[in-house]
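K.L.:
Pasting a structure below so you can have a look.
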Amino acid sequence: MKTLIEPFKIKTVEEIPITTREQREKYLKDAFYNPFFLRSEHVTIDLLTDSGTTAMSSKQWAGLMDGDEAYAGSRSYYKFENIVKEITGFKNIIPTHQGRAAEKILFTLVAKPGITIPSNSHFDTTRGNIEYAGADAVDNLVDVGMQPEIEADFKGNMDVEKLRKLILERGPQNIPLCMLTVTNNTAGGQPVSMQNIRDTKSVLKEFGIPLILDACRFAENAYFIKKREPGYQNKTIKEIAQEMFSYADGATMSAKKDGLSNTGGFLALNNDELAEQAKVLLIITEGFLTYGGMTRRDLEALAQGFVEVLEESYLELRIGQIQYLGNKLLEAGVPILQPTGGHAVYLDAKRFAPHIPPHQFPGQSVLCELYLVSGVRSVEIGSLMFGKEDAAGNPLAPPMELVRMAIPRRVYTQAHTDYVAEACIETYQNRSKLRGMKIVHEAKYLRHFTIKLDYVGN
Ligand code: P70
Numbered sequence: 009m010k011t012l013i014e015p016f017k018i019k020t021v022e023e024i025p026i027t028t029r030e031q032r033e034k035y036l037k038d039a040f041y042n043p044f045f046l047r048s049e050h051v052t053i054d055l056l057t058d059s060g061t062t063a064m065s066s067k068q069w070a071g072l073m074d075g076d077e078a079y080a081g082s083r084s085y086y087k088f089e090n091i092v093k094e095i096t097g098f099k100n101i102i103p104t105h106q107g108r109a110a111e112k113i114l115f116t117l118v119a120k121p122g123i124t125i126p127s128n129s130h131f132d133t134t135r136g137n138i139e140y141a142g143a144d145a146v147d148n149l150v151d152v153g154m155q156p157e158i159e160a161d162f163k164g165n166m167d168v169e170k171l172r173k174l175i176l177e178r179g180p181q182n183i184p185l186c187m188l189t190v191t192n193n194t195a196g197g198q199p200v201s202m203q204n205i206r207d208t209k210s211v212l213k214e215f216g217i218p219l220i221l222d223a224c225r226f227a228e229n230a231y232f233i234k235k236r237e238p239g240y241q242n243k244t245i246k247e248i249a250q251e252m253f254s255y256a257d258g259a260t261m262s263a264k265k266d267g268l269s270n271t272g273g274f275l276a277l278n279n280d281e282l283a284e285q286a287k288v289l290l291i292i293t294e295g296f297l298t299y300g301g302m303t304r305r306d307l308e309a310l311a312q313g314f315v316e317v318l319e320e321s322y323l324e325l326r327i328g329q330i331q332y333l334g335n336k337l338l339e340a341g342v343p344i345l346q347p348t349g350g351h352a353v354y355l356d357a358k359r360f361a362p363h364i365p366p367h368q369f370p371g372q373s374v375l376c377e378l379y380l381v382s383g384v385r386s387v388e389i390g391s392l393m394f395g396k397e398d399a400a401g402n403p404l405a406p407p408m409e410l411v412r413m414a415i416p417r418r419v420y421t422q423a424h425t426d427y428v429a430e431a432c433i434e435t436y437q438n439r440s441k442l443r444g445m446k447i448v449h450e451a452k453y454l455r456h457f458t459i460k461l462d463y464v465g466n
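Below you can see the structure in the form of structure tokens.
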């Protein structure tokens with residue numbers, strides 16, 4: 009196989025900080041062992057998130073200069089709306105400053121106590137918005153999606169039988185809509201197949217429940233469909249994306265991912281009545297209909313980003329880079345979630361640190377050591393992010409304990425990737441020394457963002 013080369017060259021560079029282990033020990037302690045509290049000037053390779061961390065192209069930067077900053081009716085808005093409509097086919101496009109703002113508007117309208125919102129897997133802010141409104145957010149992931157060591161093509165899929173059972177149990181009248189996250193972030197950036205989107209839609213149709221895609225990473229999902237699902241090899245990414253959206257009644261999108269930009273999002277709805285209500289909320293909370301909390305130049309960057317993200321050479325490098333990192337780790341025996349997904353490599357903390365029980369946050373302990381070893385910042389997706397307690401106060405763990413190393417788009421080179429692999433391998437070699445962690449302070453919702461921790465025994 010030929011070396012996969014970046015289908016771009018670098019025009020602007022940004023220095024990255026190099027620190028010593030001793031410094032990092034202090035920084036991490038000062039940050040209460042929470043990567044969200046680390047200053048980025050103390051982070052060498054930042055894999056906290058692929059959200060809003062994209063390197064923009066020269067055409068996007070040029071677009072910023074060309075932005076039409078009119079409050080109403082901006083030319084930049086119509087450019088944005090055109091491309092979003094072209095890809096998604098949805099009737100009403102409601103711009104928001106990021107994904108969770110779209111979720112907040114949607115769930116303010118449809119969620120309240122007694123309501124259930126199913127998904128394949130909800131991501132943290134989606135779950136947070138649903139629960140904050142008093143409704144129940146229920147995941148219906150296929151079983152194979154919860155087994156990190158098993159290789160399968162579409163581990164992000166909805167378990168449609170679980171979904172049907174849930175609808176019958178809760179009653180379709182209590183389910184105003186169903187979400188489907190593409191790719192499935194919580195399950196490891198794993199794709200959802202076209203067949204699964206169709207099957208999900210067909211169950212929902214029986215009960216008259218609309219399907220809303222959480223479409224942050226729709227292009228990465230489309231790429232996996234092209235590579236793995238029979239019948240799609242000769243279709244373009246755009247055609248596949250269009251088909252994905254054609255089965256849905258709307259979408260929420262954080263365009264900070266597959267919009268290839270640093271901010272932005274939208275709520276898209278075919279239902280005019282719901283869209284009317286959403287537009288009122290948009291004006292109250294975000295901004296006017298033709299900017300929704302973004303500067304108009306952001307809309308220019310997004311309009312161009314949506315063109316570039318559909319280019320196959322870009323996606324080949326993107327998915328290839330993640331696979332390259334995953335393969336290096338597998339060769340060294342480091343346990344990861346397999347196969348690698350669309351935007352990140354996930355360390356499997358259950359196998360990495362089996363001596364640490366879920367309620368002592370094995371993933372967080374692994375990510376702290378990874379930072380200490382290398383200055384690489386990652387994020388926990390496990391008991392810290394999604395752990396709950398039962399009525400008696402016993403900890404309830406999610407199915408997997410993962411450490412996500414999300415790769416920003418077009419930002420890091422192959423040498424950076426090699427450095428990350430070496431850091432993970434060194435961390436794995438130190439694994440017997442890893443210690444469990446305890447919570448010192450936590451918030452009621454989305455606690456992982458602001459949590460304070462320490463090691464057990466300190
Ligand atoms: C991430 C960020 C955001 C997101 C998402 C899905 C499938 C909606 C949203 C909300 C959040 C994050 C997590 C850990 C560290 C930093 C940031 N995901 N749906 O990295 O979108 O952020 O624009 O409000 O993945 O996965 P937004």
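Mapping to our numbering: the sequence shown position 241 is 249, numbers consecutive. Beta carbons are placed, not taken as given, at the ideal position from N, Cα and C, and that holds for glycine.
Express the C-alpha separation of Lys209 and Ile447 in angstroms, rounding to a whole number.
P.N.:
Roughly 41 angstroms separates the two Cα atoms.
K.L.:
Should Gln198 be labelled buried (16 or more other beta-carbon atoms within 10 Å of its own) or exposed?
P.N.:
Under this definition Gln198 is a buried residue.
K.L.:
Taking its Cβ as the centre, do 16 or more other Cβ atoms sit within 10 Å of Ile101, making it buried, or is it exposed?
P.N.:
Per the 10 Å Cβ criterion, buried.
K.L.:
Can you pull the DSSP bridge partners for Met445?
P.N.:
Per DSSP, Tyr463.
K.L.:
Is there at least one non-hydrogen atom of the ligand P70 closer than 7 angstroms to the beta-carbon of Val353?
P.N.:
False, no ligand heavy atom lies under 7 angstroms from that Cβ.
K.L.:
Three-state secondary structure (DSSP) at Asn192?
P.N.:
Three-state result, Asn192: strand.
K.L.:
Give a single yes or no on whether Cys224 has its beta carbon closer than 7 angstroms to a heavy atom of the ligand FMN.
P.N.:
In the structure on display, the ligand FMN does not appear, and the ligands it does have are the ligand P70.
K.L.:
In three-state DSSP terms, what is Pro407?
P.N.:
Residue state, collapsed to three classes: coil.
K.L.:
Within 7 angstroms: the Cβ of Leu56 and any heavy atom of the ligand P70?
P.N.:
Yes, the beta carbon of Leu56 sits closer than 7 angstroms to at least one heavy atom of the ligand P70.
K.L.:
Among the residues of its own chain, which have a CB less than 6 angstroms from the CB of Thr458, if the five just before and after it don't count?
P.N.:
The answer, listed in chain order, is Ala451.
K.L.:
Confirm the yes/no value for this check: CB of Ser59, any heavy atom of the ligand P70, distance under 7 angstroms.
P.N.:
Yes, the Cβ of Ser59 comes within 7 angstroms of a heavy atom of the ligand P70.
K.L.:
What residues match up with Pro103 in a beta bridge as DSSP calls it?
P.N.:
Note: Pro103 sits in a beta bridge opposite Phe274.
K.L.:
Leaving out five residues on either side along the sequence, give the residues of the same chain with a beta carbon under 7 angstroms from the beta carbon of Cys224.
P.N.:
Cβ neighbours of Cys224 beyond the five flanking positions: Gly107, Met261, Ser262, Lys265, Asp266.
K.L.:
Less than 7 angstroms separating the Cβ of Gln346 from some heavy atom of the ligand P70?
P.N.:
Because no heavy atom of the ligand P70 lies under 7 angstroms away, the Cβ of Gln346 does not count as near it: no.
K.L.:
Going straight from the alpha carbon of Asn192 to that of Ile327, what length do you get?
P.N.:
Distance between the alpha carbons of Asn192 and Ile327 is about 15 angstroms.
K.L.:
Looking at Gly395 and Pro407, is the spacing between their C-beta atoms short of 8 angstroms?
P.N.:
No. Outside cutoff.
K.L.:
Rounded to whole angstroms, what's the CA-CA distance from Lys34 to Asn242? Just pull it up for me.
P.N.:
Going by the C-alpha atoms only, they are around 53 angstroms apart.
K.L.:
Between Thr133 and Arg455, what straight-line distance do the alpha-carbon atoms span, to the nearest angstrom?
P.N.:
Straight-line Cα distance between these residues: approximately 11 angstroms.
K.L.:
Label Met73 either buried or exposed according to how many other C-beta atoms from any shown protein chain fall within 10 Å of its C-beta, with 16 as the threshold for buried.
P.N.:
By the 10 Å Cβ count, Met73 comes out exposed.
K.L.:
For Pro370, does the three-state DSSP call read helix, strand or coil?
P.N.:
Reduced to three states, the DSSP call for Pro370 is helix.
K.L.:
Along the chain, where does the alpha helix (DSSP H) that runs through Asp2 open and close?
P.N.:
Residue 2 falls outside the range modelled here, since the chain spans only 9 to 466, and no answer is possible.
K.L.:
Which residues bound the beta strand (DSSP E) around Tyr354?
P.N.:
First-last of the beta strand (DSSP E) with Tyr354: 352-356.
K.L.:
Would you check if the distance between the CB atom of Thr194 and the CB atom of Phe296 is smaller than 8 angstroms?
P.N.:
Result no, Cβ atoms of Thr194 and Phe296 do not sit closer than 8 angstroms.
K.L.:
Going by DSSP, which residues form a beta bridge with Gln198?
P.N.:
Paired residue(s): Asn192.
K.L.:
So, for Phe226: in the same chain, excluding its five sequence neighbours on each side, which residues have a beta-carbon less than 6 angstroms away from its beta-carbon?
P.N.:
Excluding positions up to five away in sequence, the list reads Val190, Ala249, Asp266.
K.L.:
What's the gap between the Cα of Pro416 and the Cα of Leu337?
P.N.:
Each residue's alpha carbon lies about 19 angstroms from the other.
K.L.:
DSSP puts Lys396 in a beta bridge; with which residues?
P.N.:
In the DSSP output, where bridge partners are listed per residue, Lys396 has Leu404.
K.L.:
Quick one: what does DSSP say Met302 is sitting in, helix, strand or coil?
P.N.:
Three-state DSSP puts Met302 in coil, outside helix and strand.
K.L.:
To the nearest angstrom, report how far apart Gly75 and Glu23 are at their CA atoms.
P.N.:
Distance between the alpha carbons of Gly75 and Glu23: 28 angstroms.
K.L.:
Please classify Leu338: does DSSP put it in a helix, a strand, or coil?
P.N.:
The answer is helix: DSSP assigns Leu338 an H, G or I state.
K.L.:
Report yes if the CB atom of Pro156 is closer than 8 angstroms to the CB atom of Leu345, and no otherwise.
P.N.:
Cβ distance < 8 angstroms, so Pro156 and Leu345 count as in contact.
K.L.:
Thinking C-alpha only, which one of Gly390, Leu307, Gly465 is nearest Ala70?
P.N.:
Ranking the options by Cα distance to Ala70, first place goes to Leu307.
K.L.:
Can you tell me whether Ser262 sits near the ligand P70, meaning its C-beta is under 7 angstroms from at least one heavy atom of the ligand?
P.N.:
Flag set: Cβ of Ser262 near the ligand P70.
K.L.:
Counting only runs that start and end within the segment 100-148, where is the beta strand (DSSP E) found for 3 or more residues in a row?
P.N.:
Taking only runs of at least 3 residues, the beta strand (DSSP E) segments lying wholly in the segment 100-148 are 100-104, 124-127, 144-147.
K.L.:
Going by Cα to Cα distance, which pick from Gly390, Glu377, Glu159, Leu378 is closest to His367?
P.N.:
With distances taken between Cα atoms, His367 lies closest to Gly390.
K.L.:
Relative to the alpha-carbon of Tyr86, which residue among Glu339, Ala311, Ala405 has its alpha-carbon at the smallest distance?
P.N.:
Measuring from the Cα of Tyr86, the nearest candidate turns out to be Ala311.
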